[in-house]
Amino acid sequence: MSDKTIFEMIIDREIPADIVHEDDLCICFRDINPQAPIHLLVVPKKRIVRISESSSEDQATLGHLMLTVNKVAHQEGITESGFRTVINNGPHGGEEVPHLHLHILAGRQMQWPPG
Ligand code: 5GP
1223 MSDKTIFEMI
1233 IDREIPADIV
1243 HEDDLCICFR
1253 DINPQAPIHL
1263 LVVPKKRIVR
1273 ISESSSEDQA
1283 TLGHLMLTVN
1293 KVAHQEGITE
1303 SGFRTVINNG
1313 PHGGEEVPHL
1323 HLHILAGRQM
1333 QWPPG
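Residue numbers (our numbering): 1223 to 1337.
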């Protein structure tokens, strides 16, 4: 696998981020270029490159990421108003960082279909 991703640098505290949650398996911080009033990224500490490269070994981590979305959404007070969770995968998905991450977007009305 190639050099560290920007997210591994955040996990290792080599670059700063506004971290709102951290545990043994994942970290959650605010997106540097927010697309909504609240825009968070939930990132596994283990570098799973993207969801299409995950395997059954990652089952516990993937489940944990979803439960972390729930935890952080409560922490941010966005469960009543609602939020959107997005995983971009590959070129057509709009993926920029090859380290799995779940976006949490909230604080405005989301549209469908997404752009
Ligand atoms: P993707 O397009 O890969 O799904 O999303 C990558 C996200 O990472 C983008 O929303 C982008 O703004 C965010 N991002 C990229 N570099 C940094 C960084 O250095 N710090 C933070 N907090 N977010 C970043």
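Think of the CB as a built atom: it goes at the ideal place given N, C-alpha and C, for glycine as much as any other residue.
It should be emphasised that the depicted structure is a prediction, and the values quoted were computed from it without experimental measurement.
In the displayed model, H1296 falls within a helix according to three-state DSSP.
Checking the 7 Å criterion, the Cβ of E1318 is within range of a heavy atom belonging to the ligand 5GP. Secondary structure at A1258: coil, using DSSP grouped into helix, strand and coil. The nearest non-hydrogen atom of the ligand 5GP is 7 Å or more from the C-beta of F1305. I1254 and S1277 have their C-alpha atoms some 29 Å from each other. The segment 1231 to 1239 and the segment 1287 to 1298 do not touch, with fewer than 3 CB-CB distances between them shorter than 8 Å.
Of the heavy atoms belonging to the ligand 5GP, at least one sits nearer than 7 Å to the Cβ of H1325.
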